[in-house]
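See structure below.
In the working numbering, the protein residues as written are 62 to 543.
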């Protein structure tokens, strides 16, 4: 399985859209697209920021210790707004009013792109407190030591089910975590994970693709593959967002505007010049050697070295903004379109807008067909009211698993995997952790009760032994199932 997004499909476009980097989030910054810590020169205040904040932050407790990290958006006109913060300190600092002070500054200059024009960008400030004093400096977002500090911060933990207490039935030996300390990944954000026909695990990160073959690891970056670099930093490999494996064991990866096919020896790159792809999202490989990609330009199908497109322009989709695609054993094409879902069968498109099904409001992110012919879909909706795990039986009966009718921790599903042999449903519960349902009871594995490293799950796959592999924002994980 496959590339399930988190709570909103837009958030995965990490370097182009208004993403909150830190846990303390603010949604009143009226800026659209921006890049992270980019530009030459980068956005900055014309003031000496260390002296400025020393003059503004008075009455600091002498016992206050630690760091506060601040993400500041600066638009192309030099208007700044604090987007998110992380308080890694030993006591409350709300009284300092740091966000208000930053937002009231009047002397910021924007970042400049390579074409010499000002552009929207984020910069990061690091407030260091000790002994009643503060020192402030700009922080390089892509510094490895800084990234590791972000990952160690207490995250946003959000169980939305009225059932707040769950058990952990795994011991620590069953949860094996791979991160920057014990593997070759250079970035803890593992956004996608796939297992090929040979049992090799492929992990897409924010700086390369890791190949994990029975303990042996190899990292692919722009230096030893056809992977491209980030536009704002030619020394950084593009973030790999989605992946998949087709029936010929080709590995497919997507970094947004570029889609890569790797046969184990040669790379092939598809972009806007040699394909109809827009900004790519989920990748789905059907059982007939067809490769499907959901994008902002509709659905693209790759078969026999040719591309076919399903979109609004050729009247096959009501919208080009697609969130996911799945093809079942009857060759029905199921498509999420952000405002519901549609199904294409024999060239005819059926909308569920007027239906009494979970697809009326739920947008398909990912799908799975079990051996009994049941279809399973993870669904997303704005605010997660209509999100959850939907099921369609062979006789046409719909149902949905959500917080209203089950003990699932949250409606917001990052990904799911179904172990038919053990009758287990695994759920990547966004902002919660890893959940398991065995048909009778729910179990939950979080930062608070287990070795599971993150509340942010990106992707999940079962291997041939029934072990679960999970991509998270703090490395990737193998869950050994007894």
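Don't be surprised by glycine CBs; every beta carbon is placed ideally from N, CA and C.
Requested in this report: Give the DSSP bridge partners of residue 289, in chain order.
Outcome: In the DSSP output, where bridge partners are listed per residue, residue 289 has none listed.
Self-check item: For residue 116, the first and last residue of its enclosing alpha helix (DSSP H)
Solution: 110 to 117
Handout entry: Extent of the continuous alpha helix (DSSP H) to which residue 394 belongs
Key = Premise fails: residue 394 lies in the beta strand (DSSP E), 394 to 397, not in any alpha helix (DSSP H).
query = Quick one: does residue 310 have its CB under 8 Å from some CB of chain D?
reply = No chain D appears in this structure, which consists of one protein chain only.
Practice problem: Identify which residue in 148, 181, 145 has its Cα closest to the Cα of residue 136. | Solution: 181
Secondary structure, beta strand (DSSP E): runs of 3+ residues fully inside the region 181 to 269: 182 to 191, 194 to 199, 236 to 239, 251 to 256, 262 to 266
Review point. Just reading off the alpha helix (DSSP H) that residue 516 is part of, what are its end residues?
Key: Membership of residue 516 in any alpha helix (DSSP H) is not indicated, and neither H nor E is assigned to it by DSSP.
For this session: Just the C-alpha distance for residue 423 and residue 125, rounded to the nearest angstrom, thanks.
Result: Going by the C-alpha atoms only, they are around 47 Å apart.
Status (buried if at least 16 other CB within 10 Å, exposed otherwise) for residue 248:
buried
| The alpha helix (DSSP H) spanning residue 354 covers which residue range? | Here residue 354 belongs to no alpha helix (DSSP H); instead the beta strand (DSSP E) covers 352 to 356.
Original post:
Of all the options 390, 505, 526, 354, which has the alpha carbon lying nearest to the alpha carbon of residue 227?
Top reply: 505
- Item | Presumed contact (8 Å Cβ cut-off) between residue 474 and residue 489, rounded CB distance | 6 Å
Collapsed DSSP secondary structure at residue 164 in the structure displayed: helix
Counting beta carbon pairs with one atom in the region 373 to 383 and one in the region 344 to 352, are three or more of them shorter than 8 Å? no
Worksheet item: With contact counted as at least three CB pairs below 8 Å, one residue from each stretch, are the region 328 to 342 and the region 280 to 290 in contact?
Response: yes
- Task: Would you mind listing the beta strand (DSSP E) stretches within the region 420 to 508 that are 3+ residues and don't spill past its ends, in chain order?
- Result: 424 to 430, 436 to 441, 449 to 453, 459 to 462, 474 to 480, 485 to 490, 494 to 498, 503 to 506
Quick one: residues in its chain with C-beta nearer than 6 Å to the C-beta of residue 82, no 5 flanking neighbours on either side, listed in chain order? 132, 145
Practice item. Can you check the region 295 to 332 for any beta strand (DSSP E) of at least 3 residues that lies completely inside it and give the ranges in chain order? Key: 303 to 306, 312 to 315, 320 to 323, 328 to 331
Quiz item: For residue 256, which residues from the same chain have a beta carbon less than 6 Å from its beta carbon, with the 5 sequence-adjacent residues on both sides left out?
Solution: 262, 522, 524
Return yes when the Cβ of residue 368 is within less than 8 Å of the Cβ of residue 357, no when it is not. no
Rounded straight-line distance, which links the Cα of residue 520 to that of residue 195: 40 Å
Report task. Assess, as a yes-or-no matter, whether the region 534 to 541 is touched by the region 238 to 248 under the definition of 3 or more beta carbon pairs within less than 8 Å. Result -> yes
Enumerated in chain order, which unbroken segments of the beta strand (DSSP E) with a length of 3 residues or greater are wholly contained in the region 360 to 421? 367 to 371, 385 to 388, 394 to 397, 402 to 406, 409 to 412
So the candidates are 176, 87, 158, 174; which of them puts its Cα closest to the Cα of residue 188? 158
- Indicate the three-state DSSP secondary structure (helix, strand or coil) for residue 176 in the structure shown. coil
Using alpha carbons as the reference points, say which of 191, 190, 268 lies closest to residue 205.
268
* **Nonlocal neighbours in the same chain, by C-beta distance under 8 Å from residue 85, ignoring five residues either side** => Here the set comprises 145, 146, 147, 148.
With a CB to CB cut of under 6 Å and the five nearest residues on each side skipped, what residues in its chain are close to residue 171?
104, 135, 137, 139, 179
Legend entry - CB-CB length for residue 252 against residue 302, believed under 8 Å: 5 Å
Requested in this report: Check whether the Cβ atoms of residue 311 and residue 468 sit closer than 8 Å, and answer yes or no.
Outcome: Going by C-beta atoms, residue 311 is not nearer than 8 Å to residue 468.
To the nearest angstrom, how far is the alpha carbon of residue 272 from that of residue 106? 42 Å
- Query: Would DSSP call residue 531 helix, strand or coil?
  - Reply: strand
Helix, strand or coil for residue 157? Go by DSSP, reduced to three states. helix
Check: For residue 481, which residues from the same chain have a beta carbon less than 7 Å from its beta carbon, with the 5 sequence-adjacent residues on both sides left out?
Finding: 431, 432
Closest by CA to residue 143, which one among 516, 109, 186, 101? 186
- Query: What is the DSSP secondary structure of residue 137, counted as helix, strand or coil?
  - Reply: The answer is coil: DSSP assigns residue 137 none of H, G, I, E or B.
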